[in-house]
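A.B. asks: Those letters in the sequence shown? Residues 27 to 626, by the numbering used here.
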Amino acid sequence: MADRKLIRNFGIIAHIDHGKSTLADRLLERTGSISKREMREQFLDDMDLEREMGITIKANRATVKHTHDGQEYMLNLIDTPGHVDFHYEVSRAMAACEGVLLLVDATQGVQAQTVANAYLAVEGNVEIVLVINKIDLPGANPDETALEVEHILGLAAEEAIYTSAKTGEGLDELLTAIVQQVPSPGGDENSPLRALVYDAKSDPHRGVICNVRLVDGVVKRGDKIRMMAVGSEHVVTEVGKYMPKATAVADLAAGEVGYLVAGIKTLADVNIGDTITHASRPAETALPGYEAPNQMVFCDFYPGPGTDTAELREAMEELWVNDCSFTYDPATSDALGIGFRCGFLGLLHMKIIQERLERESDVNVVQTAPTVTYEIAMNDGSVKQIQSPSEMPDPSKIMEIREPFCTANIIVPAEYIGAVMSLSLERRGVHKKTEYLSPARVMLTYEFPLGEIIYDYYDKLKSCTRGYGTVDYEITDFRGGKLVKMDILVNAIAVDALSVIVHADKAARRGRALISRLKKEISRHMFEIPLQAAIGAKVIARETIKAFRKNVTAKCYGGDVSRKRKLLEKQKEGKKRMKQVGSVEIPQEAFMSILEPEDG
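Printed below as a string of structure tokens:
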């Protein structure tokens, strides 16, 4: 049982690509937790997708030993994601820490996620150690970056630690700062057990592995535990720590971070944020836990070629065990059959889930275009939320359609203010304030409808600021507006998976752009296919996919013209009959073409 005064629990938080995973690698190396032979880049990122994309998706953890002033300290490190979609992972990791390393790139300075993560740390009441990273790069300006952080976030510039996660420079000073500045955990080993489940993953042989932070008490193999929220009881078969590989230990005590295996079959028996206590000596009150993640992007997943609904459901269940921040509910479509309506934290989260389904479970998925949640105020005074345009009630019963709004902080070099303002105006953004972080960098605050920025705003921002612009957003409320449902009709049949909710002023332009893109994606058939965009009964845009034409008169050499006319009439009748009974094959690309920017 470790002395609590010698334990330090800390996380690493930063904007995307500021060097969190690389710094974690160097800390593991410097403390001797892994050898040079075992070392690889992004050591803690154990998902193939993380290593391919060069990003952290799930928060990872490791326990390392470090000797300072003759005493051996136990450092529990949690490496968190940097992308805005995985904000929820960061907030969960914070609950297991007493301190965080706020990493800032010395060449890029303060970015949008730097500010957002710093506020998360302040709200979580954890100690912040400022680390200026990448000081080895030619364009690095660590002193100016530290002053910029002091100006924006109020963290003392003179207390900043200068490091290079690539070369290992400044690591000894950083380890000393962790020991001296991050407080030791509280808690009492003699109190009834209270352990916070801050993450969980499924193992096919051992069941669900719970990652826990012990607040009070001690847990060891053979203990009978109870999940306080679910009420289920289990017997502990193993407790351990990630050092950085999973290593079994005799016990875990108050203040420590580790994992626990208790033969739990499914995640239905484990809630993230649940409190574990002893069945024989339960705690009186549970720990606060977490708010449920708020899904803001929704789309439908349907089984693709070679996959049936049962296989897709099984794959969804397996993945949900590892990532319960997405949701899935059964859905049906006339065009695509039986599938699932899924909710995600953001567009990148959606892409990751689709990739993991196809890789880890070997299923083919047809995905519809993502939408955001809308609120519908009915004439009878009730309010209902819809996640898809196909759920829209009868227009005569609707009083108002409300869309989600968010407040966005956009950090850009000063010379690009004009370009960013015109881009934001196009997306119905309302400018709130402009704040100069330094003579060369500005933070613009805007209010946007979420549906206008969630698809390609980030890409456009990067384009118009030559890669220097960053954005972070937070959902605030729902507001009414001139919103309408636009149906897409293929061969006079409305395809519910292609319908979208748009602002009335943009409907005609959006309809024309969408129809012209669909024309490129849907292949020609033996009969003519009309494509239409309609609001209610009013058609606002139309394109026609011409039919293939077989030359049925090719073998008619000479003779009376009526022979040719007879063959052409027969072909015409056949095409008419084919159009009535023939079905149009709509490829996956057609559903995703809705996402493309209007000028694309």
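Beta carbons: idealized from backbone N, C-alpha and C, even for Gly.
1. Do you know whose CA, among Ile-555, Ile-514 and Ala-144, lies nearest Pro-538's CA?
2. What residue ranges within the region 365-401 form continuous beta strand (DSSP E) runs of no fewer than 3 residues, ordered along the chain?
3. From the DSSP output, in three-state form, read off Leu-509 for me.
4. I'd like to confirm the pairing. Which residues does DSSP put opposite Met-469 in its beta bridges?
5. For a test of the three-state rule: what should DSSP assign to Ile-566, helix, strand or coil?
6. Using only alpha-carbon positions, find the residue among Ile-519, Asp-482 and Ser-448 that is nearest to Ser-359.
7. Does the structure place the region 289-304 close enough to the region 245-263 that three or more beta carbon pairs sit under 8 Å?
8. Please classify Thr-416: is it buried, with 16 or more other beta-carbons within 10 angstroms of its beta-carbon, or exposed?
9. For the candidate residues Pro-421, Lys-423, Ser-450 and Ile-424, whose alpha-carbon lies nearest to that of Asn-435?
10. Drop a sphere of 10 angstroms on the beta-carbon of Gln-411, count the other beta-carbons inside from all chains shown, and report buried for 16 or more, exposed for fewer.
11. Can you tell which of Ala-132, Gln-380, Val-446 and Glu-452 has the C-alpha that lies nearest to the C-alpha of Phe-352?
12. Assign Asp-3 to one of two classes, buried (16 or more other C-beta atoms within 10 Å of its C-beta) or exposed (fewer than that).
13. Bridge partners of Val-411, per DSSP?
14. Would you call the CB atoms of Leu-540 and Ala-560 closer than 8 Å?
15. Can you tell which of Tyr-400, Ala-183 and Asp-242 has the C-alpha that lies nearest to the C-alpha of Ile-501?
16. Only counting the same chain, and skipping five residues up and downstream in sequence, which positions put a Cβ closer than 8 Å to that of Met-404?
17. Helix, strand or coil for Glu-426? Go by DSSP, reduced to three states.
18. Using 8 Å as the cut-off, can you tell me whether the region 195-206 makes contact with the region 86-103, which would need three or more C-beta pairs spanning the two stretches below that distance?
19. For the alpha helix (DSSP H) containing Tyr-481, list its first residue and its last residue.
20. Report the CB separation of Gln-284 from Val-262 in whole angstroms; it is logged as a contact under 8 Å.
21. How is Asn-35 classed by DSSP in three states: helix, strand or coil?
22. On the CB-based measure, 16 or more other CB atoms within 10 Å of its CB, does Leu-594 come out buried or exposed?
23. Can you tell me whether Met-100 is buried or exposed? The criterion is at least 16 other CB atoms within 10 Å of its CB, across all chains shown.
24. Ends of the beta strand (DSSP E) at Lys-160?
25. Do Ile-298 and Leu-373 come within 8 Å of each other at the CB atom, strictly closer than that value?
26. So for Tyr-499, helix, strand or coil by DSSP?
27. If we require 3 or more residues per run, which beta strand (DSSP E) segments fall completely within the region 218-288?
28. From what residue to what residue does the beta strand (DSSP E) around Ile-443 run?
29. Just how far apart, CA to CA, sit Ser-408 and Ile-402?
30. Given this structure, state the Cα-to-Cα distance separating Asp-198 from Val-126, to the nearest angstrom.
31. Using three-state DSSP, classify Phe-69 as helix, strand or coil.
32. Nearest CA to the CA of Ala-276: which residue from Ile-548, Met-322, Asp-249 and Asp-295?
33. Distance cutoff 8 Å, beta carbons only. Does Arg-535 sit that close to anything in chain C?
34. If you check the beta carbons only, do Leu-49 and Asn-167 fall under 8 Å apart?
35. Based on the DSSP secondary-structure assignment, which residues constitute the bridge partners of Ala-88?
36. Tell me which residue opens and which closes the alpha helix (DSSP H) that Asp-326 is part of.
C.D. replies: Looking at the coordinates:
1. One detail in the question is off: residue 538 reads as Arg in this sequence, not Pro. Among Ile-555, Ile-514 and Ala-144, the Cα nearest to that of Arg-538 belongs to Ile-514.
2. 391-393
3. Three-state result, Leu-509: strand.
4. Ile-437 and Glu-461
5. strand
6. Ile-519
7. Counting Cβ pairs under 8 Å, three or more are found: they touch.
8. Here the sequence assigns Ser to residue 416, which means Thr is not the residue at that position. Residue environment: Ser-416 is assigned as buried (16 or more neighbouring CB atoms within 10 Å of its CB, all protein chains considered).
9. Ser-450
10. exposed
11. Gln-380
12. With the chain covering 27 to 626 only, the question about residue 3 has no answer from this structure.
13. First, the amino acid is wrong: residue 411 is Gln here, not Val. Answer is Glu-401.
14. no
15. Tyr-400
16. Lys-410, Pro-419, Lys-423, Ile-424 and Met-425
17. If DSSP states are grouped into helix, strand and coil, Glu-426 belongs with the strands.
18. yes
19. That residue, Tyr-481, is in no alpha helix (DSSP H); it is neither H nor E in DSSP.
20. Strictly speaking, residue 284 in this sequence is Gly, with Gln absent from that position. Not really, about 12 Å apart at Cβ, beyond 8 Å.
21. strand
22. exposed
23. buried
24. Per DSSP, Lys-160 belongs to no beta strand (DSSP E) and is neither H nor E.
25. Their beta carbons are not under 8 Å apart, which means Leu-373 does not touch Ile-298 by this criterion.
26. strand
27. Counting only runs of 3 or more, we get 220-229, 233-242, 244-246, 250-253, 259-261, 264-268, 272-274, 277-279 and 283-287.
28. Counting along the chain, Ile-443 falls outside any beta strand (DSSP E), though it belongs to the alpha helix (DSSP H) covering 443-452.
29. 8 Å
30. Going by the C-alpha atoms only, they are around 17 Å apart.
31. Because Phe-69 carries a pLDDT of 45, less than 50, the predicted location of this residue cannot be relied on, and the following value inherits that uncertainty. Phe-69 falls in the coil class under three-state DSSP.
32. Asp-249
33. This model lacks chain C altogether, as it is built from one protein chain only.
34. no
35. Leu-103
36. Note, Asp-326: premise wrong, no alpha helix (DSSP H); beta strand (DSSP E) at 323-329.
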